[in-house]
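Using this note's numbering, you'd call the opening residue of the sequence shown number 227 and step up by one each time. The next block holds one structure in the form of structure tokens; read it before the comments.
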Amino acid sequence: MLDGNGITFSNELKYNKLLKVRCDNVEGEHLLKIGEEYEFTLVDVSFHYCTMSQGPNNFKHHQKFDVYDGLYTECPSKCYDRDTQCKWIARENGIYFSSVDYPPTKKYEWNIPHLLKN
């Protein structure tokens, strides 16, 4: 991993569902099969948000949320320390967050809007 904050997305959905991940400041969409992960590194970025969507049925279940914010976060501060890996996990009942010494904790429901910080 490069110097910076690592962000990982993991597909733990059921029923052979795909997970589509699209983030600002990152090229393109990424489709993950069950059990697959997608990772990227943030370097000198103060804000970052992503959208996760369940498929293949038109990816109608989705959520857009902050994955990184250097000033404010709903997630533990450990995620925002230099060279720390943060993980967002897609499950049937919602989106979970975990990092070093922080077990997976549900942060978002699918399809329920909430306020982004931008």
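Note that beta-carbon positions come from the ideal geometry of N, C-alpha and C, so glycine has one too. The structure displayed is predicted, hence computed values, not measured ones.
With respect to the C-alpha of Pro-282, the residue from Leu-245, Ser-236, Pro-330 and His-256 having the closest C-alpha is Leu-245. When secondary structure is reduced to three states using DSSP, Phe-285 falls in the coil class, being assigned neither helix nor strand. Residue pairing by DSSP places Trp-314 opposite Phe-235 and Phe-323 in a beta bridge. In the DSSP assignment, no residue is bridged to Lys-243. Annotated as distal: Leu-257 and Phe-235, with beta-carbon spacing of 8 angstroms or more.
Straight across, the Cα-Cα distance linking Phe-323 with Thr-331 is about 5 angstroms.
Within the same chain, and ignoring the five residues on either side of Glu-262 in sequence, the residues whose Cβ sits closer than 6 angstroms to its Cβ are Asn-237. Taking 8 angstroms as the cut-off, the Cβ atoms of Ile-260 and Lys-286 do not count as close.
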